[in-house]
Structure formats: structure tokens, C-alpha cells
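The structure appears below as C-alpha cells.
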Amino acid sequence: MVKDVEEYVSRIRSKYSVMSESEKKIADYILSNNFVNEDSSINNLAAATGTSVSTVVRFCKTLGFKGYAEFKFYCQKGILSPLSGQIEISNHDSAGTIKQKVAEFSKNAINNSILYTDNQEIERAINALSRARQILVCGEGSASGIALLAVNTFMNLGIPSYTIQDPLAQIRTASFLGEQDVVIGITNCGYIKDVVDTLAVAKENGATTICITGLNDSLVTKYSDVCLCTTHRDNQSPLDLPTTTICQMITLHTLQIGYIVRNNADIEENVKNMHQVSELKRYDFAVGSISKERVKF
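For what it's worth, my numbering labels the leading residue of the sequence shown as 21, then goes sequentially.
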């Protein structure tokens, strides 16, 4: 049973890739309009989308409903709206109002992303990380920062991980990887060439490939064993960029916690070792206690 709008939208988008082209017309129409009102009939929906009554019925069954009547019943419990969108701001908004709007927008994006990401795919990703000998993480632009964050996250868990800035070196490294290795590609649009090519080469050589993307039917998914989709589409607005980044970070954090839960026996020793190594990069908190051997004044 669909309990709220977020879960409802998530159900449509999670099934989108398996829909026929005619069914996708219906899905696109619903996600682009405030559907449905009390007067909406199956004939009206078919006419509005340029499809047939039988296609509408198939669409409803694809979503797990018995038919249009059940679909309409739950649809009227909440207005459907797209996951993406703009923050509605005006020149008259105060700093406090802007802060509240940004917080609300980000919160909704995170909740939608959590609902949209397939639980089985998350489980598969956690299992792959648990078996990984090493992890290569790739991303460009804003995703390069997330890739570096991912590397530090997995290193802190005791998994040898790295990211390579040079695209040629990155794809060459992917060609050396094998069945015990994992490659994670981060691209919201799903069409960044160096990321897609790296996953393609790694997959061909037997490595497990995982993508974190915003589209479940983008090119990067073709070369991914595991697809973690955070949003429905690639948003071009600069206002959406921080939110996209936050959703990617939430996905990584989910994998981190999942790995800890599945590998609890090994985590404590790994974390202890990483902490000891990290201490070599820190001075004592009190300046007066800094060792003469560590710092030459």
C-alpha cells in the first residue's frame, strides 16, 4: 500500500525502466502534472497521454495495483509531484526564510532519494564491498569531491581505496582489475565519458562495477552490475547541485553503515589501525607540548 507522496513517486520511478514506451508516456504525464482529481477517468487519462485504456491498465499493474480504480484511490491520498524542482525564492525573502526553504528542499530531496534507491541494489553493493580487495572510485566535476570522500570513507573501514585524477591512468588502472575488485562510478547524468569508459573496461575484465547516478536508464547503468539511483533526472540548475551532492553523500553513508553492520567483527581492528595511522599526521593539541623531534623551529 502506498502511504504518502514520496513513496508513491518512488514506486513509479523505480518501475520506469521496465515500462513500455506507451506506459512511460503515462508515467511522464503523471510526474509532470498534479494528477489526479476526482473527475479523472481511465478514458480521460488515456486520451491525455495518447495511449489506450488497456495501456493504462497495464501501467497500473506494473506499479503493483489491481487496476485503475485502486491506482486512482491511492493517488488521491496525495498529489504526485516530481522529485526534482527549483527552490521557490523571491527578492523579498529574508535570510531566515531562505534558510528554511533550503532546509526543506534538501530534506525532501534526501527523503525522496532514500525512497527511490532500490534496497536490493544497496544490499548487492554492500556485499560487493565486503568482498572487495580494493576499490577504485571515479567521478568528474563536483563528483570528483564525492569520489575523494568515498575513498576516505572506505579507507577508514580498512578497504584499500583510491581515486585517480588523470583519465588515461584511471582507465589503464581499470584494465588491471579483476573479480576481487570493485569500481564505483559517480555521475548524476550518467553520461560522463571517462566514468562510463572506466566502468566498461573494469566490467569487461571481471571487476564488480557500481554506479551512483540520477537516471536508472542512463548509459553508465549499461556497464554497472549494481545501480544506485538517487534522483530521477539530471538537473541543470546550479541551485540543485548541492542537493545532488548531498544525495550522493547519503548513498555513500548508507553503504558505509551497511558495511559496518555486515562486517562488525573486523571493523574494530581496522578502525583502530586507521586511527593509529591518522595520529601520525596530527600534532598534539597544546602548542607547548609539540615535540622538538617533530617540529624544528
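Using N, Cα and C, we set each Cβ at its ideal position, and we do this for glycine too.
Compute the distance between the beta-carbons of residue i and residue j, then report whether it is under 9 Å.
i	j	result
Val240	Thr250	no
Ala189	Ala227	no
Ile344	Ile155	Since the displayed the chain opens at 21 and closes at 317, residue 344 lies outside it and no answer follows.
Tyr243	Thr229	yes
Val202	Leu169	no
Gly178	Val291	yes
Asn208	Thr264	yes
Thr271	Thr137	yes
Ile134	Thr274	yes
Ala129	Cys267	yes
Cys80	Gly87	yes
Asp237	Tyr36	yes
Ala163	Val215	yes
Val38	Thr75	no
Tell me the residue span of the alpha helix (DSSP H) that contains residue i.
i	result
Thr137	No alpha helix (DSSP H) contains Thr137, which DSSP labels as neither H nor E.
Ile191	187-196
Gly84	Per DSSP, Gly84 belongs to no alpha helix (DSSP H) and is neither H nor E.
Val216	213-224
Val240	239-242
Gly165	162-176
For residue i, write down the residues that DSSP places opposite it in a beta bridge.
i	result
Ser181	Ile155
State buried or exposed for residue i, treating a residue as buried only when at least 16 other CB atoms are found within 10 Å of its CB.
i	result
Val171	buried
Phe125	buried
Asp186	exposed
Arg192	exposed
Lys92	buried
Arg33	buried
Glu299	exposed
Ile206	buried
Ile146	buried
Val22	Unreliable positioning characterises Val22 in this predicted model, as indicated by a pLDDT of 43, which lies under 50. The coordinate reading is nonetheless provided below. Val22 should be labelled buried.
Ile46	buried
Val29	buried
Ser181	buried
Glu141	buried
Identify the continuous beta strand (DSSP E) that holds residue i and give its terminal residues.
i	result
Thr228	228-233
Cys267	Premise fails: Cys267 lies in the alpha helix (DSSP H), 261-282, not in any beta strand (DSSP E).
Val246	246-249
DSSP three-state label for residue i, please.
i	result
Leu300	coil
Asp201	strand
Ile206	strand
Ser34	helix
Ser72	coil
Asp113	coil
Asn236	coil
Leu100	Bear in mind that the predicted position of Leu100 carries a pLDDT of just 46, short of 50, making it too unreliable to give a figure here.
Asn64	helix
Ser40	coil
Asn293	helix
Asn11	Lying before the first or after the last residue shown, residue 11 is absent from the chain, which here runs from 21 to 317.
Asn131	helix
When you measure from the CB of residue i to every non-hydrogen atom of the ligand FAD, does any distance come out below 8 Å?
i	result
Thr82	The ligand FAD is not part of this structure, which contains no ligands at all.
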